[in-house]
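What follows is a set of notes on a single structure, which appears directly below.
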Amino acid sequence: MIPVSHYLFLSLALFAVGVVGVLTRRNVIIMLMSIELILNAVNINLVAFSRLYGSVDGQVFAIFVIADAAAEAAVGLGIILAFFRNRKTIHADEMDLLKW
Amino acid sequence: MRTLLIPVLCAVVIVALLPLIAGYIVLVERKVMAHMQARLGPMRVGPHGLLQPIADALKLMLKEDVIPTNADRLIFWFAPVASVAAALVAYSAMPIGPAFQIADLNVGLLFIVAVSSLGIYGVVLGGWASNSHYSLLGAMRSAAQLVSYEVAAGLALVSVLLLAGSLSMKEIVQAQLDQGVWFVFYVPFGFFIYLVASIAETNRAPFDLPEADSEIVAGYMTEYSGFRWALYFLAEYANVIVVAGVATTLFFGGWLRPLTRYHDHFPGTHVELLDVVPAFAMIALALYCFRLAPRQPLRVQKRVMAAAGVKCVLFAGILFAALFGSDAVREGVHGAFWFLAKVGAYIYCFMWFRFTFPRYRFDQLMRLSWQFLIPLGLVNVIGVAVAIVLRERWDWNPFFSLVPTTIVTLGFAAWLTADKLELSGTDEDIAAESAAVLPGSGE
Amino acid sequence: MMLAKLLFYFFALLAVGSAVLMVTRRNIVHAAVFLVTTLLATAGIFLQLEAEFLFVVQLLVYAGGIMVLFVFVIMLVNLDIEMRAVRFNKQWTVAGALAFVLAMQVLTALWVGRKTFHLPAAPAALAERNTETVADALFSHFVLAFEVASILLLVAMIGAVVMGKRRAE
Amino acid sequence: MSAGNEAAGFGTARGVDTTVLGENEIILNMGPQHPSTHGVLRIKLRLDGERVVDSECIIGYLHRGVEKIAEHRSYPQFAPYVDRMDYVAAVSNGLGYCEAVEKLLGAEAPPRARVVRTILAELQRIASHLLWLGTHALDIGALTPIFYSMREREEILKIFEKYCGARLTTHAFRIGGLQYETYDTFEYDVKRFCEALAARIDEYETLLTENRIWVGRTKGVGVLSADDAIALGVTGPVLRASGVQWDLRKAQPYAAYEQYQFEVPTRENGDAYDRYLVRIAEMRQSRLIVLQAVEQIPEGPIMARIGKVLKPPPGEVYHSIEGPKGELGYYIVSDGTIQPYRVRVRPPSFFNLQAFHRMARGAMVADVVAIIGSIDIVLGEVDR
Chain G
2 MIPVSHYLFL SLALFAVGVV GVLTRRNVII MLMSIELILN AVNINLVAFS
52 RLYGSVDGQV FAIFVIADAA AEAAVGLGII LAFFRNRKTI HADEMDLLKW
Chain U
203 MRTLLIPVLC AVVIVALLPL IAGYIVLVER KVMAHMQARL GPMRVGPHGL
253 LQPIADALKL MLKEDVIPTN ADRLIFWFAP VASVAAALVA YSAMPIGPAF
303 QIADLNVGLL FIVAVSSLGI YGVVLGGWAS NSHYSLLGAM RSAAQLVSYE
353 VAAGLALVSV LLLAGSLSMK EIVQAQLDQG VWFVFYVPFG FFIYLVASIA
403 ETNRAPFDLP EADSEIVAGY MTEYSGFRWA LYFLAEYANV IVVAGVATTL
453 FFGGWLRPLT RYHDHFPGTH VELLDVVPAF AMIALALYCF RLAPRQPLRV
503 QKRVMAAAGV KCVLFAGILF AALFGSDAVR EGVHGAFWFL AKVGAYIYCF
553 MWFRFTFPRY RFDQLMRLSW QFLIPLGLVN VIGVAVAIVL RERWDWNPFF
603 SLVPTTIVTL GFAAWLTADK LELSGTDEDI AAESAAVLPG SGE
Chain A
861 MMLAKLLFYF FALLAVGSAV LMVTRRNIVH AAVFLVTTLL ATAGIFLQLE
911 AEFLFVVQLL VYAGGIMVLF VFVIMLVNLD IEMRAVRFNK QWTVAGALAF
961 VLAMQVLTAL WVGRKTFHLP AAPAALAERN TETVADALFS HFVLAFEVAS
1011 ILLLVAMIGA VVMGKRRAE
Chain R
109 MSAGNEAAGF GTARGVDTTV LGENEIILNM GPQHPSTHGV LRIKLRLDGE
159 RVVDSECIIG YLHRGVEKIA EHRSYPQFAP YVDRMDYVAA VSNGLGYCEA
209 VEKLLGAEAP PRARVVRTIL AELQRIASHL LWLGTHALDI GALTPIFYSM
259 REREEILKIF EKYCGARLTT HAFRIGGLQY ETYDTFEYDV KRFCEALAAR
309 IDEYETLLTE NRIWVGRTKG VGVLSADDAI ALGVTGPVLR ASGVQWDLRK
359 AQPYAAYEQY QFEVPTRENG DAYDRYLVRI AEMRQSRLIV LQAVEQIPEG
409 PIMARIGKVL KPPPGEVYHS IEGPKGELGY YIVSDGTIQP YRVRVRPPSF
459 FNLQAFHRMA RGAMVADVVA IIGSIDIVLG EVDR
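Protein chains in written order, with the numbering used here: chain G, 2 to 101; chain U, 203 to 645; chain A, 861 to 1029; chain R, 109 to 492.
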């Protein structure tokens, strides 16, 4: 049997990679994708614990997380599209309209 | 490891046979098309073109592999493979007869839908990687179309799920056996929506916009040639078989024989009258082959035709022998026959539509999905839910509760088509429409 | 059991490997493909955890829906800019340090509590009728959250349409 | 050369601006190798998503210098060349040329020749429309009508073959009349074909006219108002679909048309659907003309007495006929030698193609295909 800790390590690895992606990449789309990765890491945790405690609550939570990810992706990509139309860039450090 | 043996065998059989089956579906399509169009179709390779698919496959494999300059080589390589992989994985939950199924997932139906929706990556990425405007347009069209029609197809499937109460493909068939009726008679509108949506999802005419040959050359496949192109082609036909299989399982009782509950034994045996039909159909086909064989112009063609006849006799023999086997054998063999026969009929409808209808325009396609099929699907689902409540709470006869549902849905459909579905909308309408669904095409 | 272990490590390696590749690729489309791979591997892990319904939801919604949206948007924005641009911003070191600290914290926590994590075999009922149990939980205990989620999705949908629509010229 | 933009008063003289693109705009080069540009037309489309912002027709890929060749051929020698312009309506081309030269010579074909010419020209019109119907439907995605329409066209081509030995580039007529007498069963063949045709046209209409998808794809697509059509020099079914009742067979009768009863079908909306209906109605009218004509082919000679060597007097002449695609005119200048000094052809497709730019504005990519199909161009004629 695979101990739960292995799932947690996996989740941790994905989470860390996602955090690094969000913090370091300049491309907003990749940042958004990294956030999806983080949410995914959380899902692994939730499902593993759901299994550990023999209840489906964790899976239900994971479903909510996925719904949230969908909403986030839709709005986030909408913003990116609108921004791209106006500024012709998708780089985070060039989004400096409010900085002056 | 013993438990793995049969699924692995099934998988190997499917993967090995599928290209051949796809090839012969293409041949049948060409022949059917030809006869509908007052011509003969392939006649040269083998008798009546029977060896044409093999010749085509050889040709495709020997063709030069062209990768356009500035194409993204990695994705260009990956995209057709992804398409085929998605199409093939979907077979793992498909019950071809009660005995022949790789895995009976308890979320089987959703799994098939989910996996075949992954096939879109092959299309979109292939279109993008080709570095060609035609391909990109095809990819964009495909992405928008598949996502839209998945919703409609999903709603159609929900109406069946409500009736069957399970996501497992086997249990859905079992439910139809228990309730004694194919679900297409309970939810004809669910079937109608699924039929339309499945044509759109497999990119077949009249919804073949992603590869519309007269507009964008070949859409996402424009830059592909040889074996990679063959992979796309294989994926397309594999997907056609998948949707046909899903429709068969959900709406036409899967592997069940027509009149499942009608038992009419031969005196003194347990062999049923209707179960003899497949064997005789095969024998009739064999006789037809034998009759044609002497008329073939070449000796080779005569022999191939006779071999086809012998093959039919063989099938007839298997079907006939299975009647006297154990129940499991009989159901397995005959179930597979009926399943494949229904799938074939469904695919024939696909072909028929293809040769009959002109192609939709993109905005019309979108409007059809969002303004007609999806509202209709919602009304249908609500109606079926109400009917089920009536049946379970007050013990109504399912037909009594489902017939009004169907009539209400029909009325709704009529209202939708009368008022909302003016296909030739004004320019502003079209612009607003496409701006909403496809960010790239508004005013 | 050997097979289950093999599968887990395969999927885990696939997930982490393609996640790393996703974050480091220059080409966004490649990054998206690797993210899809990660998501599929995660789905495999869900299946291995006997969360069948979640496995399918992951395939259907995440890989089949959300990521298609990503790919779609990527194709709408101009890629040439990205190909020439500097990939990372200047926070590379800070981010690395932060991620390292975070990882260390979690590792410590895991190490401390390592005794408590033994995965029992899933209760038979849970594995058999996973979809039904999830649905029961979703529509009884969590029904409020469910409705809130649906409103959230509605709002997001409207927001996305407004955002994606071009201003009338 | 941009046929689309240089029309009087419409568009501008520039081509498609490819330098400054808006967001999401792409330049799509449609053709010259494209399945539905009907030959080697090249269209540069500036697209916003799938919507056409600007378009430019680039022609000349099939230019063979037909008009220049005429200056080095004697009048009868040039006649076969005109068959190669609108190669799907060679008989009409020949008719126009022969009548133009006859006008220049001051000769007239005998009545029998004129009736036979009318029959063949109308059969050719039906054949041309049949081919158009099939290819247009194919462009819009209906795979089957082309095979049915080809089947009927085959009958017509067989009649041509029996009459003059050629199917496509027939060279059926000679200056001054006909070279060949009609063959024995000519009347019977023509009549039998015409009788079968009515049901066949009904069959196409069953497939298309009320088909929801067909109507949706063609109605309101490529609208051309009557004023625009006249200003752009559009003729033929495209003009009549815009509501202008102009048909040279009625307006300036030639051959034997003044003897026959027929109507000139028109429609009001000027969209692709109306062009389809007009052409279908025209096929029915042509059939009636042929039936009337074949009933009483007058006896008599088939050639006028014009001598062996044709030397028209110096001067110039313009003669036009109603070809299947519109006004097909020949402007011939003679310097009194056996060779024309200049031949200028007014091909209907060339002028009709000018209206493309106008029709395609704001259309979608799929509409572009429908519009090209509904104009019914033949590049051999556009490029000459």
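Ideal Cβ placement from N, Cα and C applies to all residues, glycine included.
Three-state secondary structure (DSSP) of V18 of chain G:
helix
Taking DSSP as the reference, what is the three-state secondary structure of N441 of chain U?
helix
Beta carbon of G378 of chain R nearer than 7 Å to that of L316 of chain R
no
Look at T451 of chain U and M342 of chain U and say whether their C-beta atoms are less than 7 Å apart.
no
Tell me whether the beta-carbon of A478 of chain R lies closer than 7 Å to the beta-carbon of A380 of chain R.
yes
For the segment 558-622 of chain U, list the alpha helix (DSSP H) runs that are entirely contained and at least 4 residues long, ordered along the chain.
564-569, 576-596, 600-617
Check the Cβ of Y256 of chain R against every Cβ in chain U and list those closer than 8 Å, keeping chain order.
Q239, A240
Could you pull the start and end residues of the alpha helix (DSSP H) that E1007 of chain A belongs to?
It spans 1003-1024 - the alpha helix (DSSP H) in which E1007 of chain A sits, taken as one unbroken run.
Does any residue of chain U have a CB that is nearer than 7 Å to the CB of L385 of chain R?
no
Can you tell me whether P345 of chain R is buried or exposed, with buried defined as 16 or more other CB within 10 angstroms of its CB?
buried
Leaving out the 5 sequence neighbours to the left and right, which residues in its chain are closer than 8 Å to S12 of chain G when beta-carbon positions are compared?
A42, V43, I45, N46, A49
Counting Cβ pairs, one atom from each stretch, are 3 or more of them under 8 Å apart for the segment 395-404 of chain R and the segment 225-232 of chain R?
yes
Residue nearest to L487 of chain R in terms of C-alpha spacing, selected from R:E133, R:R150, R:M138, R:N137:
R:R150
Please tell me whether M1054 of chain A has its Cβ less than 7 Å away from any Cβ of chain G.
The requested residue 1054 of chain A is not part of the displayed model; chain A covers only 861 to 1029.
Listing by chain order, which chain G residues have their CB less than 9 Å from the CB of G956 of chain A?
V21, L24, T25
Please list the residues of the segment 517-528 of chain U that have a C-beta atom closer than 8 Å to any C-beta atom in chain A, keeping them in chain order.
Within the segment 517-528 of chain U, no residue has a Cβ that lies closer than 8 Å to any Cβ of chain A.
To which residues of the same chain is L625 of chain U closer than 6 Å at the C-beta, ignoring the five residues directly before and after it?
Here L625 of chain U scores only 48 on pLDDT, less than 50, and its place in the model should not be relied on; the value that follows carries that caveat. Once the five neighbours on either side are set aside, the close Cβ partners of L625 of chain U are Q566.
Do you know offhand how far V917 of chain A's Cα is from D335 of chain R's?
59 Å
So with CB distances below 9 Å, who are the chain C contacts of H890 of chain A?
The displayed structure is made up of protein chains G, U, A and R, and chain C is not among them.
Between which two residues does the alpha helix (DSSP H) harbouring I440 of chain R extend?
Not the alpha helix (DSSP H): I440 of chain R falls in the beta strand (DSSP E), residues 434-442.
Quick check on this structure: which residue in A:T991, A:Q965, A:A955, A:S878 has the alpha carbon closest to the alpha carbon of V20 of chain G?
A:A955
Which of the residues in the segment 326-344 of chain U, read from start to end, lie with their CB under 9 Å from any CB of chain A?
V326, L327, G329, W330, A331, L338, A341, M342
Once DSSP output is grouped into helix, strand and coil, what is the label at N87 of chain G?
helix
Go ahead and label W617 of chain U buried or exposed: buried means 16 or more other beta carbons lie within 10 angstroms of its beta carbon, across all protein chains shown.
exposed
Contact list for M1017 of chain A against chain G, beta-carbon separation under 7 Å
A75
Is it right to say A984 of chain A is buried, meaning 16 or more other beta carbons lie within 10 angstroms of its own, or is it exposed?
Residue confidence is low: A984 of chain A scores 47 on pLDDT, short of 50, so the model does not pin down where it sits. No coordinate-derived value is stated.
Establish whether the CB of A985 of chain A and some CB of chain U are separated by less than 7 Å.
Residue confidence is low: A985 of chain A scores 46 on pLDDT, short of 50, so the model does not pin down where it sits. No coordinate-derived value is stated.
Chain-ordered chain A contacts of V349 of chain U [CB-CB under 9 Å]
G924, G925, V928, L929, F932
Let me know the secondary structure DSSP gives G285 of chain R once reduced to three states.
strand
Report yes if the C-beta distance between Y422 of chain U and A224 of chain U is below 7 Å; otherwise report no.
no
Contact list for L312 of chain U against chain A, beta-carbon separation under 7 Å:
V916, L920
To the nearest angstrom, how far is the alpha carbon of I405 of chain R from that of L286 of chain R?
14 Å
Report yes if the CB atom of L895 of chain A is closer than 7 Å to the CB atom of M34 of chain G, and no otherwise.
yes
Check for me: the alpha helix (DSSP H) holding G263 of chain U runs from which residue to which?
For the sequence presented, residue 263 of chain U should be read as Met rather than Gly. Looking at the DSSP string, the run of the alpha helix (DSSP H) that includes M263 of chain U is 254-264.
Label K493 of chain R either buried or exposed according to how many other C-beta atoms from any shown protein chain fall within 10 Å of its C-beta, with 16 as the threshold for buried.
Any question about residue 493 of chain R goes unanswered here, given that chain R covers just 109 to 492.
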